[in-house]
Amino acid sequence: MFNLLTNRKSKVLRQHEKHLNQIKKLSITMQDWDDNTLKAQTEKFKQELNSNSDLNKILPEAFATVVEACRRVFRIKLFDVQILGGIILHEGNITEMKTGEGKTLTATLPAYLNALTGKKVHVVTVNDYLAKRDAEWMGQIFQFLNIEIGLIQQNMGADMRKLNYSKDIVYVTNSELGFDYLRDNMAIDVNEIVQTGFDFCIIDEVDSILIDEARTPLIISGPSDVPTNKYITSNKLVQQLIVQEHYEIDEKAKNTILTDQGIVFCETFLRISNIYQIEEPWAQYILNALKAHNIFIKDRNYIVKDNQVVIVDEFTGRIMPGRRWSDGLHQAIEAKEGVAIQKENQTLASITYQNFFLLYSKLSGMTGTALTESQEFEKIYKTNVITVPTNKDCIRMDLPDLVYKQEYNKWTAIANECYDMYQVGRPTLIGTTNVEKSELLAKLLDEYKLPYNLLNAKPENVERESQIIAQAGQSKTLTIATNMAGRGTDIILGGNPEQFSKLIVIQTIKDCFIKKQKPMIDYYKPGDQIKIYLKEMIQSLQKDNSLKDMTADEIISYIESSIVDNKSQKTSEKIYFAYKQILDIYRKDFLNDKEQVIKLGGLHVIGTERHESRRIDNQLRGRSGRQGDPGSSRFFLSLEDNLLRIFGGDKILQLMETLNIDDDVPIESAILNRSLNNAQKKVESYYYDIRKQLFEYDEVLNNQRQAIYAERNRILYSTYVRDCLLEYGESTIDEIISFYSKKQINETKDSIQEQKIYQKIQTILNLPTEIDFNLLQQMNEGEIKCFLHEQFHITYDLREAYLEQLRPGLIRQLEKYYLLQQIDTAWQEHLEKMANLRESIGWRSYGQQDPLTEYKNEAFSLFIEMITYIRETVSYFIMRSRLVIDSEKAITGS
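Following this note's numbering, the numbering of the sequence shown begins with 81 at its first residue and continues without gaps.
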């Protein structure tokens, strides 16, 4: 029977077959070219584009150039599916490519093509390590083709950022990119701006950035003067509250609710009449303390590092230093953990990831798991998700889930499975949802006396991340890891010889030259020959002394570049030689191990809990079965797991009780799997609604943000802002007169009222007091406006002449300073008002009003108020500024 809906993947290949064949033929032709001819392609393409040629016309030849450059630099031939992925990215789509298909190399094709236009290309990754790795690795191709590469890292200064953003292709993390945008729009000098524009963006792990992180906006904040003693008191108070009696926990919404009895208890404890009082409210502090104790769990949602509470990303399992929860929640957790409570922050600038990435003219992304969220990508980001077929068919076996009654039985079964796999010799990856669970399993495996590698957010484990992943495919290897999203290193069966050899060289040099301790050469297998190469390398480096004056970061950077590219210096030659010799030994060793692992069935993946999102589960499964390798996966669940407990575990429990199933016996059924998938869909839908709502509300603020930032840039890039000040003053006059005129429409004309209007204008704009008021009474509204505009111009000229006489050029500096300062101050106050409005607007629904419509109306009124306030205050300050000469003859403005 013919089915119209089958074979979507081959359809994608067929659609681009003509382009693919053309690119492959051209790349074969280019193999006969010398390096200089291939490098000259870049200049040739740029000239063609300057002659109004279309990007799509040069696409086949440009892609073929990158394919051939990749073959020469890395000795790698790109797969058809990688070229196909590059075409899809260039068209502004999201490409779903499975783990191990080579997404990093795929991104070089559209990045190179779009960089030829002279517009900037941003390649966005989830962390600094991946940005640095990709920039150094892919940079070799781009440098070969005379394309400049930039890299943005967390600790970079403004000058270095500016230099790197000016390059053709920039590798950067999503958070650094967003924060740089906000900082640029807080700059008070053009030279402080580091970014150059938003043209084309390729996002790696696009689902992690545009979906998972999109729930939380990017916020730049400064300390406010809210006292911290309330957090300590609230922390003591909630420890005396009893769950169900004084408060209830809503796990689904991750919220806590005080009962009537709880409210009375709190008021008695605090000796106040009302915890919701406006003058000194306590409710927010108490609710945050309850959340800190009941919903935010140590080693799950956060860890304590160096006496500080550090957030753990629930989707990637990584720590997020420098990030803080808002609205006093972080302070409540600090009080709970007994660490120093930092001051609460006031928002200075903010933007959501949704609105930030929509600034780009063309947006694309790649990931192994995006299809489940295709609706959201289409609706919010206006991009399509296209699945690219795998280079080799996936033969991984995804076994049905096993569901146990109790969590204890589940963990025992997981430990037994690990024991069985270890005895067989199969490498096993166990994915846990948080730090707490990973350490619980580690203790269990200790009881079984099984060796394992632990990878979680704890700093001591993060440092060994690359080493752990590089070994995870070796036989008889157990690896426990919190979520595997964005690890950036493939698990290769038998082990990764390149990564492992590189780590050995780096670790040996680090031990000797950074940690100043004896290198652990004896640790490395298979033995004597490797020790000889490492000892020779260390002796050579000690004689050379070239590493002596380098910092730790400079040493590591030097080693990495020496391994990648054998330079002329003797030092780097020795590092390169040691690396190559060790690599040859491990390559043979690991290849034998790979054959053995393949015979045993490949990598076995164990999931210890279903995540709220199906994508995270798929990411874990996807670590096995890369590039046609064999493998298997199985999830072990219990009815006490969060997902089953919150979303319908009761029915399954009743079924198990009815069938009188023993605690040690798991349920395995297709019906159960379907119900679990439905539970995950419910959660995904719930969080999608949250993100959609956040986007809809922030869209209102975003329109205002764009208007304010556009005005700021107009002032910032202007060399003559006098006209702007005059415009502000004239608008202030018009607004005040129009406001009072409307007020008097139904009232009798009152000369006292009119005099008050003039006095207000005179106060703000410092107009002469000698103007005859009787003269104004003889004019109509239009004539009054024209007259006062003229008086304002004269007064401004006099003010300018006075300030110029004291210090030439000062008036121009003051104009720009006052404009930017008042815009920033007003915007910060506006953000606070908008946040308060957002919190309270939901109550309007009880009055049969749509909260979003009401929010838009109220937000517009607040915005108009802010604009009026900016105009008035800027006019007031500039017209009343004076210079004071102090005792030391220094001139200061006041």
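Where is the CB? At the ideal position from N, CA and C, for every residue including glycine.
Nearest residue (CA-CA) to residue i, options the options
{"i": "F593", "options": "G575, K623, R263", "result": "K623"}
{"i": "F715", "options": "L911, R706, I726, A495", "result": "A495"}
{"i": "A211", "options": "I572, E285, K385, L169", "result": "E285"}
{"i": "E325", "options": "N194, D214, I337", "result": "I337"}
{"i": "V468", "options": "I174, E870, S925", "result": "I174"}
{"i": "L781", "options": "F943, I300, E216", "result": "F943"}
{"i": "E347", "options": "E293, Y365, A333, D904", "result": "Y365"}
{"i": "K334", "options": "Y767, G166, Y251", "result": "Y767"}
{"i": "L370", "options": "N315, Q357, I352, L558", "result": "N315"}
{"i": "H684", "options": "Q908, L558, T799, Y484", "result": "L558"}
{"i": "N254", "options": "D208, D742, N387, V763", "result": "D208"}
{"i": "K183", "options": "G198, V161, L196, E653", "result": "V161"}
{"i": "C281", "options": "N722, I950, Q275, S444", "result": "S444"}
{"i": "S818", "options": "N435, L805, Y838", "result": "Y838"}
{"i": "I747", "options": "Q619, Y484, K615", "result": "Y484"}
{"i": "E952", "options": "T875, E810, D526, R892", "result": "E810"}
{"i": "A552", "options": "M446, V252, I510, L525", "result": "I510"}
{"i": "A363", "options": "N374, L350, Q842, T948", "result": "L350"}
{"i": "G862", "options": "K772, I816, V801, R155", "result": "I816"}
Residue i classed as buried or exposed, judged by whether at least 16 other C-beta atoms fall within 10 angstroms
{"i": "K969", "result": "Because K969 sits at a pLDDT of 42, beneath the cut-off of 50, its placement in the model cannot be relied upon, and the following sentence gives the value as read from the coordinates. It counts as exposed."}
{"i": "S713", "result": "buried"}
{"i": "I921", "result": "buried"}
{"i": "H873", "result": "exposed"}
{"i": "P888", "result": "exposed"}
{"i": "S648", "result": "Because S648 sits at a pLDDT of 45, beneath the cut-off of 50, its placement in the model cannot be relied upon, and the following sentence gives the value as read from the coordinates. Exposed: under 16 other Cβ atoms inside 10 Å."}
{"i": "K416", "result": "buried"}
{"i": "Q554", "result": "buried"}
{"i": "L479", "result": "exposed"}
{"i": "N625", "result": "exposed"}
{"i": "N757", "result": "exposed"}
{"i": "K896", "result": "buried"}
{"i": "Q858", "result": "exposed"}
{"i": "V465", "result": "buried"}
{"i": "C866", "result": "exposed"}
{"i": "N132", "result": "exposed"}
{"i": "R94", "result": "exposed"}
{"i": "D476", "result": "Residue identity differs from the one stated: residue 476 is Arg in this sequence, not Asp. R476 comes out buried."}
{"i": "V204", "result": "buried"}
{"i": "W405", "result": "buried"}
{"i": "R785", "result": "buried"}
Paired residues, beta bridge with residue i - DSSP
{"i": "D977", "result": "Outside the displayed span of the chain (81 to 974) sits residue 977, for which this structure offers no information."}
{"i": "I430", "result": "At residue 430 the sequence reads Ser, which differs from the Ile that was named. I299."}
{"i": "E328", "result": "I337"}
{"i": "M446", "result": "T175, D284"}
{"i": "K378", "result": "Y382"}
{"i": "M617", "result": "Answer is none; M617 lacks a bridge partner."}
{"i": "S718", "result": "Y484"}
{"i": "M110", "result": "Partner(s): none; M110 has no beta bridge."}
{"i": "N533", "result": "T559"}
Delimiting residues of the beta strand (DSSP E) encompassing residue i
{"i": "K51", "result": "Because the chain spans 81 through 974 in this model, residue 51 falls outside it and cannot be assessed."}
{"i": "K385", "result": "382–385"}
{"i": "A420", "result": "Premise fails: A420 is in no beta strand (DSSP E) and is neither H nor E."}
{"i": "V685", "result": "683–687"}
{"i": "T559", "result": "558–562"}
{"i": "T513", "result": "It is not in any beta strand (DSSP E) - T513 carries neither H nor E in the DSSP assignment."}
{"i": "V201", "result": "201–205"}
{"i": "V745", "result": "Segment: none, V745 is in no beta strand (DSSP E) and carries neither H nor E."}
Run of the alpha helix (DSSP H) containing residue i, from where it starts to where it stops
{"i": "E216", "result": "208–224"}
{"i": "V392", "result": "That residue, V392, is in no alpha helix (DSSP H); its beta strand (DSSP E) goes 388–392."}
{"i": "H691", "result": "Premise fails: H691 is in no alpha helix (DSSP H) and is neither H nor E."}
{"i": "G505", "result": "Unbroken run through G505: none, as it is neither H nor E."}
{"i": "N132", "result": "Premise fails: N132 is in no alpha helix (DSSP H) and is neither H nor E."}
{"i": "L321", "result": "No alpha helix (DSSP H) contains L321, which DSSP labels as neither H nor E."}
CB contact below 9 Å: residue i versus chain D
{"i": "V203", "result": "The chain inventory of the structure shown lacks chain D, comprising one protein chain alone."}
(request) Report the residue ranges of all beta strand (DSSP E) runs contained in full by the stretch 244–303; include only those spanning at least 3 residues, in chain order. (result) Listed in chain order, the complete beta strand (DSSP E) runs (minimum 3 residues) inside the stretch 244–303 are 249–253, 280–284, 298–303.
(message) Extract the residue ranges of the alpha helix (DSSP H) inside the stretch 845–925, only unbroken runs of 4 or more that lie entirely within it.
(response) 853–857, 861–886, 890–920
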